[in-house]
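Peer 1: Numbering (full-length UniProt numbering), first residue to last: 1 to 153.
Positions of the beta carbon are idealized from the N, C-alpha and C atoms, including for glycine.
Before I ask anything, here is the structure I am working with.
Structure follows, in structure tokens:
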């Protein structure tokens, strides 16, 4: 079963939403994936993330903010996806077969719920396409610019 790790700075918004959306896409598409998220530092999951994900029927209330030290077998992932530039810069070296992908999304923190929804919807498009590519045995787009989620930041 492929393992996917999604990283951002605080594991409080984008990576949490991406983790839930990736798991949901895998479930809908019948793809077995082991999906985790983490941050370069842990804080707490932001209430607005819970709100906009609940709108899709995805419950993040049991999610906690984690660092790589909290992730099982943190050095053993098939894909490491960074969803913000600072996490991409701080991301450790992954040995062996790990494929890195970088999809920087706008940080919705401090913005309106509409901003949160926009980022959530962009994440959904991106990670639906990510899982679909895995299902079809295609290469996953290596950068955000080559992905279907590209919209004006």
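Nearest to residue 71 by alpha carbon, out of 35, 27, 24 and 121?
Peer 2: Numbered from 1 along the chain shown, position 71 holds the residue referred to as residue 71. Ranking the options by Cα distance to residue 71, first place goes to 35.
Peer 1: In chain order, what residues of the same chain lie with their CB nearer than 7 Å to the CB of residue 11, ignoring the 5 residues before and after it?
Peer 2: The residue labelled residue 11 in the question sits at position 11 within the chain shown. Contacts found: 37, 38, 39, 42, 65 and 66.
Peer 1: I need the straight-line Cα distance from residue 103 to residue 54, nearest angstrom please.
Peer 2: Locating residue 103 in the chain shown gives position 103, counting from the first residue. Locating residue 54 in the chain shown gives position 54, counting from the first residue. In a straight line, the C-alpha of residue 103 is about 23 Å away from that of residue 54.
Peer 1: Got a sec, what are the start and stop residues for the beta strand (DSSP E) residue 82 sits in?
Peer 2: Looking up residue 82 in the chain shown gives position 82. Element bounds for residue 82: 79 to 82.
Peer 1: Following the continuous beta strand (DSSP E) through residue 97, name the residue where it begins and the one where it ends.
Peer 2: Your numbering for residue 97 matches position 97 in the chain shown. First-last for residue 97: undefined, no H or E at that position.
Peer 1: Cα-Cα, which of 23, 117 and 101 is closest to residue 108?
Peer 2: Here residue 108 refers to the residue found at position 108 when the chain shown is read from its first residue. When only C-alpha atoms are compared, the closest one is 117.
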